[in-house]
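Residue numbers (our numbering): 28 to 198.
The C-beta atom is built at its ideal place from N, Cα and C for all residues, glycine as well.
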């Protein structure tokens with residue numbers, strides 16, 4: 028896989044630190060942008076002059092590469108255009124036809140973090156975002172916010188602003 032582009036150093040990311048050692052949202056978003064590009068032809072094997080943004084280093088949210096995965100050219104190019112231009116792409120099809128897997132395999136080859144959330148009629152907003160819950164701390168009942176399954180500002184996800192979240196087909 029051919030990669031080119033500038034890689035952010037750890038000092039680049041640290042330049043945006045505000046007073047108290049906290050990065051503001053804009054600085055976090057800039058630090059979390061893809062730091063390289065890859066050739067579609069070299070990475071996916073399609074005749075194309077397109078280059079797409081990628082990360083030089085994978086984190087724990089990058090799916091594993093399936094070396095045997097066969098990409099559908101038209102769908103892959105549409106997904107890559109979405110990645111390249113920060114646009115949403117709707118991939119449709121019957122359940123079990125590989126829509127979510129296709130997104131995951133594109134993300135895997137670009138080192139893009141990807142959180143897969145399978146949606147069905149039983150998933151609620153509270154499941155996704157989180158809720159206040161009663162917990163016991165030091166022998167006292169208190170109300171504490173518990174995160175849902177979506178990555179948010181309180182989660183430990185390192186690149187939450189650039190994560191692609193793709194719901195699977197309803198089952």
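For residue 67 and residue 107, which I take to be in contact (beta-carbon distance under 8 Å), what is that distance rounded to the nearest angstrom? 6 Å
Going by Cα to Cα distance, which pick from 164, 155, 87 and 168 is closest to residue 174? 155
Boundaries of the alpha helix (DSSP H) in which residue 210 is found, first to last residue: Residue 210 is absent from the structure shown; the chain starts at 28 and stops at 198.
So the beta strand (DSSP E) residue 157 belongs to, where does it begin and stop? 157-164
Buried or exposed, going by whether 16 or more other CB atoms sit within 10 Å of the CB of residue 131? buried
At what residue ranges does the region 98-151 contain a whole run of the alpha helix (DSSP H), taking only runs of 4 or more? 100-112 and 126-137
Selected residue, minimal CA-CA separation from residue 129, among 93, 160 and 149: 93
Whole angstroms is fine: what's the gap from residue 167's alpha carbon to residue 138's? 44 Å
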